[in-house]
Each structure stands twice: as C-alpha cells, then as structure tokens.
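Asks:
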Amino acid sequence: MKSKLIAQNGGERAFVLVLDPGDEAFAEISRFAMVHRLGAASLTALGAFSKATVGWFDLAAKSYRKIPVDQQCEVLSGIGDVALDDEGKPSLHMHVVLGLSDGTTRGGHLLEGVVQPTLEVVLTEAPEHLRRTQRPELGLALIDLS
Amino acid sequence: MKSKLIAQNGGERAFVLVLDPGDEAFAEISRFAMVHRLGAASLTALGAFSKATVGWFDLAAKSYRKIPVDQQCEVLSGIGDVALDDEGKPSLHMHVVLGLSDGTTRGGHLLEGVVQPTLEVVLTEAPEHLRRTQRPELGLALIDLS
Amino acid sequence: MKSKLIAQNGGERAFVLVLDPGDEAFAEISRFAMVHRLGAASLTALGAFSKATVGWFDLAAKSYRKIPVDQQCEVLSGIGDVALDDEGKPSLHMHVVLGLSDGTTRGGHLLEGVVQPTLEVVLTEAPEHLRRTQRPELGLALIDLS
Chain U
735 MKSKLIAQNG GERAFVLVLD PGDEAFAEIS RFAMVHRLGA ASLTALGAFS KATVGWFDLA
795 AKSYRKIPVD QQCEVLSGIG DVALDDEGKP SLHMHVVLGL SDGTTRGGHL LEGVVQPTLE
855 VVLTEAPEHL RRTQRPELGL ALIDLS
Chain B
735 MKSKLIAQNG GERAFVLVLD PGDEAFAEIS RFAMVHRLGA ASLTALGAFS KATVGWFDLA
795 AKSYRKIPVD QQCEVLSGIG DVALDDEGKP SLHMHVVLGL SDGTTRGGHL LEGVVQPTLE
855 VVLTEAPEHL RRTQRPELGL ALIDLS
Chain A
735 MKSKLIAQNG GERAFVLVLD PGDEAFAEIS RFAMVHRLGA ASLTALGAFS KATVGWFDLA
795 AKSYRKIPVD QQCEVLSGIG DVALDDEGKP SLHMHVVLGL SDGTTRGGHL LEGVVQPTLE
855 VVLTEAPEHL RRTQRPELGL ALIDLS
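Chains U, B and A, in that order, are what the protein sequence lines are.
Residue numbers for the first sequence follow this note's numbering, beginning at 735 and rising by one.
Residue numbers for the second sequence follow this note's numbering, beginning at 735 and rising by one.
Residue numbers for the third sequence follow this note's numbering, beginning at 735 and rising by one.
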C-alpha cells in the first residue's frame, strides 16, 4: 500500500491510499489509521478483490455470520469510518458491495478482502475525535457521542 | 439520534450522526437537516436496519414502486444529498444498498429504514445553497441549478 | 448537465453536477473534469439510468467483460475518482450499484450510463495531483503514487 496526502484545510486532511495486489484491505487501512493516529475519519473506496469475506450481524448470536466470496469481484462501493476504541486505538468500520462476473452483487460488513489488482481509497480525517465503545449486550462496539 | 460537529472550514461543516435502535432513518436525518437549516449537504452512511422500504421510480406511473425489505439487513451504502425544496425547507434524497443474511443485496430510493442497532452518517454541509424544484411532468422534485 | 461550485477551502473545491435526461454519465463527468482541469478528485453519485453497461475486469483476458443493464434502474451508489493519465489528461474511474424494479441489484465498473431523469454528483477536487499509469501487464491504468 502507498498513500499520499492530497489536501489539508485546518485540522482536516485528505489522503489517497492505493493498495497493492495481495494486500488484505481491512488490515492495511487499519494499519494506516494506526500509523497516522487518526482520531476520526471517513472513507470511500473502489477497486477489486480476488476474494473476500463479508459479515451479516446476527443479533441473536451477537456475532457476524461469515459470508465468503471466493472469486474475483469488483469493489463497487466501500464506505467506512474510523473512531477510537476503548483503548484509544483507531478502529475501522467498513461495509462493501462486491460485483461478480455476471453483474450480480454480494455485500456485507468487511471482514477481509484481498486486493487484486488495486483498491483506491479516499480517506478524510476530521480534527475532532470519535469514540467507539464496546456494548456487551450487543456483542459490538458502537460510536458513542454521549 | 445523537450528532457531533467534527470539522469546520470556512462555510463547510462536517457532522457525524449516530442513530439509535428504532429510529426511522429518513425522518431523523431530515429532522437534523431542518434543525441545522442545511441549505446544501452530502452524506454517506453505513450500519444496519431491522426493516426498510425502498423505492424504484416508475416513470409511467410517476410514483415510487414500494419494495419492502422486512428483515434485518446491513446498510452497505447510504448516499444522499440535501437541498431546499420549493418552500425553502431542507429536503433529503437518499439511496441505499442493503445486505441480507446470505450476502445478497437489495436496494433503492430510501423511503423508510428502521435502525437496528446503529446507523453512522457522515454529513458535509456546503456554504452554497441548492434548490430542488417540483417537476409535475415527472412527479418528482429535482435539483435545479438554472 | 449543469454544475455549481458549492464550497471552496484552500485548494479544495466541491461541485454539484446535475445531469439531464439522455446524458451519458461517464462522458459528461469526464468532460467536466477536462474543462475544469481536475488533477485529483473524488465523487459520489445517486440518481437513475434508463440503461447502462457495466464491466467486470477479466484478469486473464486483460479486458472488461461487458454487462448490459437494459432497463430503467436507480443509481444506488456511484463512487469514483479522477486522476491524470499518461498524457496529463483527467481520467475518470467510477463504479456503480444499480437497483432494478424488483429491488435486486446489478453493478460493476461504469462503462456507460444513460441518465433518466437525473444524476446528482458531488465532486470534491483536491489541490494535489494524482497520476494514473498504464500497466500493460494488466491491461489497465492504475493510480501510481510512487
């Protein structure tokens, strides 16, 4: 993965991230958020994966049902945000819609996506911080503005 | 719903909105736009709904065909904008892609979506105003830049 | 197509583009990028097409497999970016998810989309330039940050 700062206004910075073949997208974007100590950010992404695993959250089971997409697919949309977790570390939340070879789509909460041949991410950092708090009754961490 | 101003540059403001379980997304985001008197804004969103109704616009009938999605679904993408209507009130236009438990997707013009457990919205207000004008020949209001 | 500058901060400019019935979206947005000499930009879009052709990139064939969507469809999400090509001209890369009349979806790399009745695009230009370099081994041009 490579990145470039493309805009800076006040406390707001915009970056482009370009991921390389074989990069696992969730880990790479998370690592970027850690290295740049992002306290709040939002992103959009497009590109393609050689394979991915997405999730649908099962409220009763309090966990993600894993949905493998084991084929080359276009990343039609990636939408995500970054907030600080209970330990003050940047945490990524990202959803994707994937396009298969026949034009049908699959999608879910991004658990894992292997880039092939590129993923282009535009990430905007905000000067204010956001916090994501673990919610044991749900089995999830949610952004907490209280 | 809670909200937080996360960035401000010149006349541009960025907010994060976090919707609560049971909130109806279209009404809550519209209410936010009214309270903050947004004259022009764009947004992205991700999260999940317990149920939703989306629409496909039938040009012949001049109305939205309603498509119910009566199941827990991930909001894979929400993309929207705010403009002022003929009466000068902020009006929201938003489309969503929803992910079902098997990873297949549904989507349309957002008519109604009940949040469960969260919807995270990043909304950027622009200093210039946009206007949406009723177009009786279509049965729709469209952004009018003339 | 009409356009309006809605925000300007430092070297960053945000535009709204509203496309008209019959406009071919890829050509119109590309033309806008040329006229305004955009060196780097990102965009989101929503609206509807009377018909479209999307692509799934076939790595073995080094070309897009064309997927026609010959029906009125909602543009549920459009996500894209602009970078300069090998000749220094702005080049658009855009993916779409399309919603059919029954709420199912199709999607891919946008090759062609005929607007009906509107497409609303929010495009943010960045002050820094991006470059897209032809990669003969892939049959694609990718953003090159090296």
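By construction, the Cβ of each residue, glycine as well, lies at the ideal position given by its N, Cα and C atoms.
With respect to the beta strand (DSSP E) encompassing B:M828, which residues constitute its N-terminal and C-terminal limits?
Replies: In the second sequence, residue 828 of chain B corresponds to position 94, counting from 1. For B:M828, the enclosing beta strand (DSSP E) stretches over residues P824 to G833.
Asks: In the DSSP output, what is A:S737 paired with across the bridge?
Replies: Within the third sequence, residue 737 of chain A is the residue found at index 3, counting from 1. Looking at the DSSP assignment, A:S737 forms a beta bridge with A:L751.
Asks: How would you call B:G814, buried or exposed, if buried means at least 16 neighbouring beta carbons within 10 angstroms?
Replies: As a working mapping, residue 814 of chain B is identified with position 80 in the second sequence. Classification of B:G814: buried, given that the 10 Å Cβ count is 16 or more.
Asks: Between which two residues does the beta strand (DSSP E) holding U:A774 run?
Replies: Position 40 of the first sequence, counted from the first residue, corresponds to residue 774 of chain U. Its beta strand (DSSP E) spans residues A774 to D792.
Asks: Show which residues of chain U have a CB atom less than 8 angstroms away from the CB atom of A:A782.
Replies: If you number the third sequence from 1, residue 782 of chain A lands on position 48. Ordered by position in chain U, no residue passes the 8 angstroms Cβ test against A:A782, which lies about 17 angstroms from the chain.
Asks: Buried or exposed, going by whether 16 or more other CB atoms sit within 10 Å of the CB of A:Q868?
Replies: For this step, residue 868 of chain A is matched to residue 134 along the third sequence. Exposed: under 16 other Cβ atoms inside 10 Å.
Asks: Note down, in chain order, every chain U residue with its Cβ under 7 angstroms from the Cβ of A:S880.
Replies: Taking the first residue of the third sequence as 1, we reach residue 880 of chain A at position 146. Those are K736, listed as they occur along chain U.
Asks: If we count Cβ pairs, one from each stretch, closer than 8 angstroms, do we get three or more for the segment 837–847 of chain B versus the segment 774–782 of chain U?
Replies: no
Asks: In the segment 829–863 of chain U, which residues sit with their C-beta less than 8 angstroms from some C-beta in chain A, listed in chain order?
Replies: The segment 829–863 of chain U vs chain A, Cβ under 8 angstroms: V831, G833, L834, S835, D836, G837, T838, T839, Q850, P851, T852, E854 and V856.
Asks: Tell me the DSSP bridge mates of A:H843?
Replies: Locating residue 843 of chain A in the third sequence gives position 109, counting from the first residue. Answer is A:G789 and A:H829, bridged to A:H843.
Asks: Cβ atoms of U:V849 and U:A759: under 7 angstroms apart, would you say?
Replies: Within the first sequence, numbered from 1, the residue matching residue 759 of chain U stands at position 25. Within the first sequence, numbered from 1, the residue matching residue 849 of chain U stands at position 115. Judged by beta-carbon spacing, U:V849 lies within the 7 angstroms limit of U:A759, meaning their Cβ atoms are closer than that value.
Asks: Between which two residues does the alpha helix (DSSP H) containing B:A817 stretch?
Replies: Taking the second sequence and counting its residues from 1, the one referred to as residue 817 of chain B is at position 83. No alpha helix (DSSP H) holds B:A817; the beta strand (DSSP E) holding it covers C807 to L818.
Asks: Given a limit of 9 angstroms on CB to CB distance, which residues of the segment 793–808 of chain B reach chain A?
Replies: Of all residues in the segment 793–808 of chain B, L793, R799, I801, P802 and V803 have a Cβ within less than 9 angstroms of some Cβ in chain A.
Asks: My output table needs one value for U:S880: the three-state DSSP class, helix, strand or coil.
Replies: Sequence index remark: in the first sequence, residue 880 of chain U carries index 146 (1-based). If DSSP states are grouped into helix, strand and coil, U:S880 belongs with coil.
Asks: Could you tell me how far apart the beta carbons of B:E854 and U:I877 are, in whole angstroms, since I believe they sit closer than 8 angstroms?
Replies: In the second sequence, counting from the first residue as 1, residue 854 of chain B sits at position 120. In the first sequence, counting from the first residue as 1, residue 877 of chain U sits at position 143. Contact between B:E854 and U:I877 holds, with the beta-carbon distance rounding to 6 angstroms and staying under 8 angstroms.
Asks: Find out if the Cβ-Cβ distance for the pair B:I801, B:V809 is shorter than 7 angstroms.
Replies: Locating residue 801 of chain B in the second sequence gives position 67, counting from the first residue. Locating residue 809 of chain B in the second sequence gives position 75, counting from the first residue. Result no, Cβ atoms of B:I801 and B:V809 do not sit closer than 7 angstroms.
Asks: In this structure, how does DSSP classify U:A795 when only helix, strand and coil are distinguished?
Replies: By one-based count along the first sequence, residue 795 of chain U stands at place 61. It is coil, neither helix nor strand.
Asks: Going by DSSP in three states, U:R866 sits in which element: helix, strand or coil?
Replies: Counting from one through the first sequence, the residue named residue 866 of chain U turns up at place 132. U:R866: strand per DSSP, three-state reduction.
Asks: So, helix, strand or coil for U:G762, using DSSP?
Replies: In the first sequence, counting from the first residue as 1, residue 762 of chain U sits at position 28. The sequence shown places Glu at residue 762 of chain U, not Gly. Looking at U:E762 - three-state DSSP - the assignment turns out to be helix.
Asks: Identify the contact partners of A:S811 in chain B, using a Cβ-Cβ distance below 7 angstroms as the criterion.
Replies: On the third sequence, residue 811 of chain A is found 77 positions in, with the first residue counted as 1. By Cβ distance, chain B contributes S811, I813, H829 and V831.
Asks: With DSSP as the reference, label A:A860 as helix, strand or coil.
Replies: Taking the third sequence and counting its residues from 1, one reaches residue 860 of chain A at position 126. Look at A:A860 here: in three-state DSSP terms it is coil, with no helix or strand label.
Asks: Name, please, each residue of chain A whose Cβ falls closer than 7 angstroms to the Cβ of U:T778.
Replies: The residue labelled residue 778 of chain U in the question sits at position 44 within the first sequence. Residues of chain A passing the Cβ test: S776, T778 and I813.
Asks: I'd like to know if U:G744 contacts chain B, where contact means its C-beta is closer than 7 angstroms to some C-beta of that chain.
Replies: For the purposes of this step, residue 744 of chain U is taken as residue 10 along the first sequence, with counting starting at 1. Yes, U:G744 lies at the interface with chain B (some Cβ there is under 7 angstroms from its Cβ).
Asks: With 16 as the cutoff for other CB atoms within 10 Å, does B:S825 come out buried or exposed?
Replies: Looking up residue 825 of chain B in the second sequence gives position 91. Buried, by the Cβ-count rule.
Asks: Is U:D757 buried or exposed, if buried means 16 or more other CB atoms sit within 10 Å of its CB?
Replies: Residue mapping note: residue 757 of chain U aligns to position 23 of the first sequence, counting from 1. Flag for U:D757 reads buried.
Asks: Chain A beta carbons: is any one of them nearer than 7 angstroms to that of B:I763?
Replies: For the purposes of this step, residue 763 of chain B is identified with residue 29 of the second sequence, where counting begins at 1. Not a single CB atom of chain A sits nearer than 7 angstroms to the CB of B:I763.
Asks: Does the distance from the C-beta atom of A:W790 to that of A:G842 stay below 7 angstroms?
Replies: Mapped onto the third sequence, residue 790 of chain A falls at position 56. Mapped onto the third sequence, residue 842 of chain A falls at position 108. Between A:W790 and A:G842, the gap from beta carbon to beta carbon is short of 7 angstroms.
Asks: The ligand ATP and B:Q742: does any heavy atom of the ligand fall closer than 6 angstroms to the residue's C-beta?
Replies: Only the bare structure without any ligand can be found here, which leaves the ligand ATP out of the picture.
Asks: Taking only the alpha-carbon atoms, compute the straight-line gap between A:R866 and U:L753 and give it to the nearest angstrom.
Replies: Residue numbering aside, residue 866 of chain A sits at position 132 when the third sequence is read from its first letter. Residue numbering aside, residue 753 of chain U sits at position 19 when the first sequence is read from its first letter. Their Cα atoms are separated by approximately 14 angstroms.
Asks: Do A:A786 and A:G847 have their C-beta atoms closer together than 7 angstroms?
Replies: Against the third sequence, residue 786 of chain A aligns to sequence position 52. Against the third sequence, residue 847 of chain A aligns to sequence position 113. Result yes, Cβ atoms of A:A786 and A:G847 sit closer than 7 angstroms.
Asks: Roughly how many angstroms separate the alpha carbons of B:A767 and B:V816, rounded to a whole number?
Replies: Taking the second sequence and counting its residues from 1, the one referred to as residue 767 of chain B is at position 33. Taking the second sequence and counting its residues from 1, the one referred to as residue 816 of chain B is at position 82. Taking the straight line from one Cα to the other gives about 8 angstroms.
Asks: Closest Cβ-Cβ distance between U:I740 and chain B: below 7 angstroms?
Replies: Position 6 of the first sequence, counted from the first residue, corresponds to residue 740 of chain U. Chain B, which has no Cβ nearer than 7 angstroms to the Cβ of U:I740, makes this no.
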